[in-house]
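> Structure in structure tokens, see below.
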Amino acid sequence: CYEFFCGAMLLFDAAFAVWETERASRLVAGEASSVQHGVPDDFSIVVTTHILLLFFFLDLVLRALAGHHPYPIWSGFNVFAVVSYILEVLVFYMYSNERSRAHVRIWVTSVSKIRIGRLLQFVQVTSAGQAMLQEFLLLMRSIRGTLKSTACCLLMTLFFLLCSGMVFVEGAIEHCVRLDGGQAEGTSELRQSFGTLSQSVLSLFMAISGGDDWGNIYASLSPLSWRYQLLFLGFMFYSVFAFMNVIIAVVVESMMEASRSDRKILVNGELKAKSAFLHNMQRVFDSVDTDGTGDISLEELQDHMQDTDTCAYFAALGVDAKQVSQLFTLLDEDQSGAISRDEFLKGCLHLRGDAKSIDIAIIMRQIEYILDSVEVLADAMDPFVNKATTPKRKGNRYYEKRRLQGTTTINEGDAGLLLATPPGPPGTPDDQ
């Protein structure tokens with residue numbers, strides 16, 4: 024309850040800061056004569072500021088004594104907010120009724136507005152706010168992940184514009200020098216857009232970013248030769264359809280990579296996807312379980328595999344409608360002839376997604392275990408095999424091979440052949 028009350032106070036603090044700024048702006052817009060020496064301080068604003076300072080100061084002291092904060096990341100921000108309140112109260116007395124005029128008070132007022140960011144603490148208190156905060160943090164981490172690629176793209180863009188701008192500046196210099204030092208009236212637009220290298224780079228940047236209509240910049244090149252106009256058209260075509268798209272693709276890819284690599288985002292995303300998947304599978308189970316017994320029989324599964332929605336769900340798992348028997352066997356873990364709800368959800372969860380490296384590693388490990396078991400079995404059978412004679416196993420290709428080699432010792436590679444040979448009929452020497 025206390026945390027929720029603190030969140031409500033943070034919400035009130037943000038609303039108060041917005042209202043106080045709106046009040047000052049309306050006074051300046053409506054009564055200019057009354058603000059010649061600064062925006063006057065309303066008594067209610069002064070009292071409210073003192074109350075908020077007292078509350079947040081006591082809250083900060085109590086949390087410091089308790090030695091625990093539910094959201095430690097905000098501790099420093101809370102200290103900053105209290106300090107800004109103290110400074111704001113001091114300038115109330117030092118520069119009374121001089122808001123937005125005294126330099127010290129202008130600085131304190133501007134800095135103190137940053138405390139409105141603590142509104143995120145109120146968002147963090149509620150469950151709906153926590154979900155909203157996760158999305159906000161995802162956005163912030165994604166933006167932070169693009170800083171490096173954005174800086175590289177900025178340097179690349181600057182280099183591209185610098186090289187292109189030098190070409191147009193040289194053309195402008197040549198044209199202006201020929202016209203008596205470049206003071207002719209017909210070159211005013213040309214000199215304004217491409218008179219210097221910095222102006223040229225700025226004009227080209229405005230052309231590709233939408234800061235100015237590129238048609239106006241193209242028109243300023245009319246005094247130059249047609250080659251420069253054609254070169255500008257080529258510059259615009261390459262910039263709009265190739266260069267800018269590459270820049271955007273690089274930034275977007277880095278943002279997606281940053282969001283994918285974030286541990287918390289990965290965990291939350293996987294939990295949400297798992298919860299949604301299980302919810303959908305529960306709906307499928309309820310639709311298949313027509314008799315309401317809580318178990319699915321093979322006949323029920325076969326009947327509902329003809330349903331379009333059910334087929335779509337299992338198709339997402341990579342299960343074809345023709346594989347109903349195999350699917351039933353996989354899901355019926357206890358081999359009871361019916362699939363319970365837990366078996367259905369657990370089995371579908373295991374079937375979900377493609378095979379990963381860990382799945383292949385588990386299969387390889389199981390194969391190694393089987394091979395080791397067969398080798399142990401073969402070693403245990405060696406004494407019996409050595410007593411056997413070749414005529415007893417004339418139909419066994421393994422012993423025919425060993426007879427020609429002069430040995431009947433079993434090895435790992437031929438163990439399967441030995442086990443695959445059926446025993447002789449009753450009464451033969453094999454049974455002795």
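Residue 107 in our numbering is what sits at position 84 of the sequence shown, and the numbering runs on without skipping anything. Heads up, the beta-carbon is just placed ideally off N, CA and C, and yes, glycines get one too.
1) Can you check DSSP and say which residues form a bridge with residue 102?
2) If you check the beta carbons only, do residue 141 and residue 62 fall under 8 Å apart?
3) DSSP on residue 124, reduced to helix/strand/coil?
4) For residue 363, which residues does DSSP report across the bridge?
5) Taking all protein chains shown into account, do 16 or more other C-beta atoms lie within 10 angstroms of the C-beta of residue 268, making it buried, or fewer, making it exposed?
6) Would you mind reading off the limits of the alpha helix (DSSP H) that contains residue 136?
7) Closest to residue 188 by CA distance: which of 111, 166, 219 and 172 is it?
8) With 16 as the cutoff for other CB atoms within 10 Å, does residue 373 come out buried or exposed?
9) For residue 308, count the other beta carbons within 10 Å of its own beta carbon; 16 or more makes it buried, fewer makes it exposed. Which is it?
10) Going by beta carbon distance, what residues of the same chain come within less than 6 Å of residue 320, once the five residues before and after it are set aside?
11) Check the C-beta distance from residue 119 over to residue 281 and give it rounded, since I have them as a contact under 8 Å.
12) Measure the Cβ-Cβ separation of residue 45 and residue 72 and say whether it is below 8 Å.
13) Between the alpha carbons of residue 264 and residue 306, how many angstroms are there, rounded?
14) Find the nearest neighbour of residue 212 within the set 124, 194, 239 and 234, judged by alpha-carbon distance.
15) Relative to the C-alpha of residue 139, which residue among 104, 273 and 80 is closest?
16) If we call anything under 8 Å between Cβ atoms a contact, is residue 347 one with residue 325?
17) By DSSP's criteria, residue 62 is part of a beta bridge. Which residues make up the other side?
18) Within its chain, find whatever has a CB closer than 6 Å to the CB of residue 259; leave out the 5 residues flanking it on each side and keep chain order.
19) Just to check my reading of the structure: residue 304 and residue 367 have Cβ atoms closer than 8 Å, yes? What is that Cβ distance to the nearest angstrom?
20) Could you tell me the alpha carbon to alpha carbon distance between residue 78 and residue 49, rounded to whole angstroms?
21) Would you say residue 192 and residue 223 are within 8 Å of each other, going by their C-beta atoms?
22) Cβ of residue 228 within 8 Å of Cβ of residue 184?
23) Over what stretch of residues does the alpha helix (DSSP H) that includes residue 229 continue unbroken?
24) Going by the CB atoms, is the gap between residue 88 and residue 109 shorter than 8 Å?
25) Residue 134 to residue 40, Cα distance in whole Å?
26) Going by DSSP in three states, residue 72 sits in which element: helix, strand or coil?
27) For residue 304, does the three-state DSSP call read helix, strand or coil?
28) What residue range is occupied by the uninterrupted alpha helix (DSSP H) comprising residue 174?
29) Should residue 194 be labelled buried (16 or more other beta-carbon atoms within 10 Å of its own) or exposed?
30) For residue 69 versus residue 176, is the C-beta distance shorter than 8 Å?
Put simply:
1) Answer is none; residue 102 lacks a bridge partner.
2) no
3) coil
4) 318
5) exposed
6) Neither: residue 136 is in no alpha helix (DSSP H) and is coded neither H nor E.
7) 219
8) exposed
9) buried
10) 361
11) Actually they are not in contact, since the Cβ atoms of residue 119 and residue 281 sit about 49 Å apart, beyond 8 Å.
12) no
13) 47 Å
14) 239
15) 104
16) yes
17) 122
18) 237
19) 7 Å
20) 29 Å
21) yes
22) yes
23) 220–232
24) no
25) 12 Å
26) helix
27) helix
28) 170–201
29) buried
30) no
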